[in-house]
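Sequence lines, in order, name chains R and C. Numbered by this note's numbering, the letters in the first sequence go through residues 81 to 239 in order. Numbered by this note's numbering, the letters in the second sequence go through residues 9 to 282 in order. I have placed the structure first, in the form of structure tokens, so that the comments after it can refer back to it.
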Amino acid sequence: MPTFVYMTRCDGCGHCVDICPSDIMHIDKTYRRAYNIEPNMCWECYSCVKACPQHAIDVRGYADFAPLGHSVRVHRDEEKGTIAWRIKFRNGTEKNFLSPITTKPWGQAIPKLAEVPAPSKEMRDGELLYNEPKWIRMDDGGLHTLESAGLKMKKGVAY
Amino acid sequence: MFSINPFAALSATLSPAVMQAYVVVMFLLVVAGTLFEVVHKGSARYFFENMRKSKAKGARPLGGGELVSIAVQTAVVDVLASGEFCNMRRRIAHLLGMYGFVLYVLATAVLVFDAAAGAIWAQLWWLGGLMVIVSGTWFWFFIRVDVAAEGRSPFRVMKADLFILSMLASATLGLAWAWAQAKGSPGSLVMFGLYILATTVLFAGVPWSKFAHMFFKPAAAFEKRVTRADGTAENLPTQTRDDPEQQKRHSMELLQNAPMDMGLGIKREAPRHY
Numbered sequence: 081m082p083t084f085v086y087m088t089r090c091d092g093c094g095h096c097v098d099i100c101p102s103d104i105m106h107i108d109k110t111y112r113r114a115y116n117i118e119p120n121m122c123w124e125c126y127s128c129v130k131a132c133p134q135h136a137i138d139v140r141g142y143a144d145f146a147p148l149g150h151s152v153r154v155h156r157d158e159e160k161g162t163i164a165w166r167i168k169f170r171n172g173t174e175k176n177f178l179s180p181i182t183t184k185p186w187g188q189a190i191p192k193l194a195e196v197p198a199p200s201k202e203m204r205d206g207e208l209l210y211n212e213p214k215w216i217r218m219d220d221g222g223l224h225t226l227e228s229a230g231l232k233m234k235k236g237v238a239y
Numbered sequence: 009m010f011s012i013n014p015f016a017a018l019s020a021t022l023s024p025a026v027m028q029a030y031v032v033v034m035f036l037l038v039v040a041g042t043l044f045e046v047v048h049k050g051s052a053r054y055f056f057e058n059m060r061k062s063k064a065k066g067a068r069p070l071g072g073g074e075l076v077s078i079a080v081q082t083a084v085v086d087v088l089a090s091g092e093f094c095n096m097r098r099r100i101a102h103l104l105g106m107y108g109f110v111l112y113v114l115a116t117a118v119l120v121f122d123a124a125a126g127a128i129w130a131q132l133w134w135l136g137g138l139m140v141i142v143s144g145t146w147f148w149f150f151i152r153v154d155v156a157a158e159g160r161s162p163f164r165v166m167k168a169d170l171f172i173l174s175m176l177a178s179a180t181l182g183l184a185w186a187w188a189q190a191k192g193s194p195g196s197l198v199m200f201g202l203y204i205l206a207t208t209v210l211f212a213g214v215p216w217s218k219f220a221h222m223f224f225k226p227a228a229a230f231e232k233r234v235t236r237a238d239g240t241a242e243n244l245p246t247q248t249r250d251d252p253e254q255q256k257r258h259s260m261e262l263l264q265n266a267p268m269d270m271g272l273g274i275k276r277e278a279p280r281h282y
């Protein structure tokens, strides 16, 4: 399902060009609007769709399995720290999702890895990954679970 | 120099009636060009078709009062304050250029039709022209995407540049002519000829340039606001964290104590991809 650009909405700001991991979103030389130069190489990551401040990018469904009438649109609200999805099915069913994309203000909780002491030889040769077991806290009363964190599994949502 | 009506000073060479006729012809060309574009591109049909489609999608019907309020918001935020721009530099350049162009055109009409117009009109003409030159040059060399973000040469000219270049040329040559005329330079009539040429291209080129955006952009901004108000919102999500009902969602638990303004993430950096 490659992306495409609504030319009347795009103002050529270039956020999609910067964010595209495949480097296939480019600015058209004549019209100065963004376009997907190679839809075959698009892996539908939705990065450009989320980054577009004008909501000018959409993802086209393949005609054989995603018939006309559906819609998957997203609004990534950086200031509020949320991402919202609105999914419309062909039969009229609509689903709305709202999720956090950060829990702290942007750019303020950056780990200072340069100040962390280098791992010893013993740690390098060990099986544990970086910051294990500290971050999974095996040494602090066992593995933390939803239950121990006071959370409950709810139908349809797994965190 | 800035208080003298340059068109009155020209009346010894060119009859005021000819100048007035030219202004009227240019006005008619803009009207005809815009109507031609609306028919040719089907923009009005597209606009009304979209309204009809959104009604068919079960949108909440909007009352007359709501529509008036949306029209006022569109006029104040999207038109008068260029609210649709997300890039602040582009927004400032657009505001400068827009108000400069309006002042420049309005003052031109007043100065041509009323040779005895007060000095303020001549000053507004200069101010408007300078605003167009500053914003147009700033945009052309530093802001437009293929120069600022794509790293291409600012001297690469495309058909899409017809509007900005002819507007910039009209304002620059207009002021250069007025300056040359005030100094008594013999080349002032050549400047005037070039100024008329650039101005004719600007107003006669409406069907091929983006001149008509001043008519269809407000219509598009109005439509966008209407879809948001009637709930269809072009199928975009309408739920936000501001809504107390949404704050109760399970997914919002992690943001219960988070500030409502998290600042900017990826948008902290201007796109610059070359």
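Where a beta carbon is used, it is the ideal one built from N, C-alpha and C, also for glycine. Nothing here was measured: the structure is a model prediction, and the numbers come from that model.
Problem set entry | chain R contact residues for T248/C, given Cβ-Cβ distances below 9 angstroms | Your numbering for residue 248/C matches position 240 in the second sequence. Under the 9 angstroms cutoff, chain R gives H155, D157, K160, T162, A164 and L178.
Exercise. Does the segment 98-112 of chain R come within contact of the segment 152-168 of chain C, defined as at least 3 CB pairs closer than 8 angstroms?
Worked result: yes
Exercise. By the criterion of Cβ-Cβ separation under 9 angstroms, what are the contact partners of M268/C in chain R?
Worked result: Locating residue 268/C in the second sequence gives position 260, where the first residue counts as 1. Within chain R, the residues near M268/C are E159, K160 and G161.
Exercise. Can a CB atom of chain R be found closer than 8 angstroms to the CB of H258/C?
Worked result: For the purposes of this step, residue 258/C is taken as the residue at position 250 of the second sequence. Chain R contact via Cβ: present.
Exercise. For K175/R versus R156/R, is the C-beta spacing smaller than 8 angstroms?
Worked result: As a working mapping, residue 175/R is identified with position 95 in the first sequence. As a working mapping, residue 156/R is identified with position 76 in the first sequence. Contact flag unset, no.
For this session: Tell me, please, which residues DSSP counts as bridged to R156/R.
Result: To locate residue 156/R, count along the first sequence from 1; it is residue 76. DSSP, once it has assigned bridges, lists I163/R as partnering R156/R.
Exercise. How many Å lie between R204/R and I190/R at the Cα?
Worked result: The residue labelled residue 204/R in the question sits at position 124 within the first sequence. The residue labelled residue 190/R in the question sits at position 110 within the first sequence. So the alpha carbons of these two residues sit roughly 24 angstroms apart.
Exercise. Name the DSSP bridge partner or partners of P180/R?
Worked result: The residue you call residue 180/R lines up with position 100 of the first sequence. T162/R.
Exercise. Is the segment 265-280 of chain C touching the segment 178-190 of chain R, taking contact as three or more C-beta pairs under 8 angstroms?
Worked result: yes
Exercise. Of all the options L70/C, Y112/C and I172/C, which has the alpha carbon lying nearest to the alpha carbon of V209/C?
Worked result: By one-based count along the second sequence, residue 209/C stands at place 201. Comparing Cα positions, the closest option is I172/C.
Exercise. For I117/R, which of helix, strand or coil comes out of DSSP?
Worked result: For this step, residue 117/R is matched to residue 37 along the first sequence. The answer is coil: DSSP assigns I117/R none of H, G, I, E or B.
Exercise. Quick one: what does DSSP say T208/C is sitting in, helix, strand or coil?
Worked result: The sequence position of residue 208/C within the second sequence is 200, counting from 1. Three-state result, T208/C: helix.
Exercise. When we look at the beta-carbon of Y239/R and count the other beta-carbons within 10 Å, is it buried (16 or more) or exposed?
Worked result: As a working mapping, residue 239/R is identified with position 159 in the first sequence. At Y239/R, the pLDDT of 49 sits below 50, so the modelled position is not reliable and the matter cannot be decided from this model.
Exercise. In chain order, what residues of the same chain lie with their CB nearer than 6 angstroms to the CB of A164/R, ignoring the 5 residues before and after it?
Worked result: As a working note, residue 164/R is residue 84 in the first sequence. The answer, listed in chain order, is H155 and L178.
Exercise. How would you write the range of the alpha helix (DSSP H) that V139/R sits in, first residue to last?
Worked result: Against the first sequence, residue 139/R aligns to sequence position 59. No alpha helix (DSSP H) holds V139/R; the beta strand (DSSP E) holding it covers I137 to V139.
Exercise. So, is the C-beta of I274/C closer than 8 angstroms to a C-beta in chain R?
Worked result: Counting from 1 along the second sequence, the entry for residue 274/C is found at position 266. Judged by the 8 angstroms Cβ criterion, I274/C is in contact with chain R.
For this session: Compute the Euclidean distance between the alpha carbons of H95/R and H102/C, then round it to the nearest angstrom.
Result: As a position in the first sequence, residue 95/R is number 15, starting the count at 1. As a position in the second sequence, residue 102/C is number 94, starting the count at 1. Their Cα atoms are separated by approximately 20 angstroms.
Problem set entry | Contact residues within the segment 124-141 of chain R, judged by C-beta distance below 8 angstroms to chain C | A131, P133, Q134 and H135
Exercise. Excluding sequence positions up to five away, which residues of its chain have a Cβ less than 7 angstroms from the Cβ of K168/R?
Worked result: Counting from 1 along the first sequence, the entry for residue 168/R is found at position 88. Cβ neighbours of K168/R beyond the five flanking positions: H150, S151 and E174.
Exercise. Excluding five sequence neighbours on each side, which residues of the same chain lie with their C-beta closer than 7 angstroms to the C-beta of M121/R?
Worked result: The residue you call residue 121/R lines up with position 41 of the first sequence. Same-chain partners within the cutoff: S102 and I104.
For this session: Pull up the DSSP beta-bridge partners for K168/R, would you.
Result: Taking the first sequence and counting its residues from 1, one reaches residue 168/R at position 88. Answer is S151/R and E174/R, bridged to K168/R.
For this session: Quick one: grab the DSSP three-state call for T7/C.
Result: For residue 7/C there is no data in the structure shown, the boundaries of chain C being 9 and 282.
Problem set entry | Minimum Cβ-Cβ distance from W215/R to chain C less than 8 angstroms | Here the question's residue 215/R lines up with position 135 in the first sequence. No - not a single Cβ of chain C is within 8 angstroms of the one on W215/R.
For this session: Put Y239/R into one of helix, strand or coil per three-state DSSP.
Result: For the purposes of this step, residue 239/R is taken as residue 159 along the first sequence, with counting starting at 1. Confidence in Y239/R is poor, its pLDDT being 49 and thus under 50, which makes the residue's placement too unreliable to answer from.
Problem set entry | Beta-carbon neighbours of G243/R, restricted to chain C and to distances below 9 angstroms | Look at the range of chain R in this structure, 81 to 239, and you will see that residue 243/R is not part of it.
Problem set entry | Neighbourhood of M87/R by C-beta, 6 angstroms cutoff - its chain only, sequence neighbours within 5 removed | Walking along the first sequence from the start, residue 87/R turns up at place 7. So the list reads R113, once near-sequence residues are dropped.
Exercise. Taking the alpha-carbon positions, what's the A16/C to V120/C distance?
Worked result: Along the second sequence, one-based indexing puts residue 16/C at 8. Along the second sequence, one-based indexing puts residue 120/C at 112. If I take the Cα positions, the gap works out to 7 angstroms.
Exercise. Considering only C-alpha positions, which residue in the set E253/C, M96/C and Q189/C is nearest to K275/C?
Worked result: What you label residue 275/C is simply residue 267 of the second sequence in a count that begins at 1. Nearest C-alpha to K275/C: M96/C.
Problem set entry | Secondary structure of M233/R, DSSP reduced to three states | The residue labelled residue 233/R in the question sits at position 153 within the first sequence. Residue state, collapsed to three classes: coil.
Problem set entry | Same chain only: Cβ atoms within 8 angstroms of L231/C, ignoring 5 sequence neighbours per side | On the second sequence, position 223 is the one that residue 231/C refers to. At residue 231/C the sequence reads Glu, which differs from the Leu that was named. For E231/C, where only same-chain residues beyond five positions count, the Cβ hits under 8 angstroms are F55, N58 and M59.
Exercise. In chain R, which residues lie less than 7 angstroms from S39/C when you measure between Cβ atoms?
Worked result: Taking the first residue of the second sequence as position 1, residue 39/C is located at position 31. For clarity, residue 39/C is Val in the given sequence; the question names Ser instead. Ordered by position in chain R, no residue passes the 7 angstroms Cβ test against V39/C, which lies about 23 angstroms from the chain.
For this session: Spell out the partners DSSP gives F84/R in its beta bridges.
Result: Locating residue 84/R in the first sequence gives position 4, counting from the first residue. Beta-bridge pairing links F84/R to D138/R.
For this session: Name, going along the chain, the residues of the segment 81-98 of chain R whose beta-carbon falls closer than 8 angstroms to a beta-carbon of chain C.
Result: T88, D91, G92, C93, G94, H95, V97 and D98
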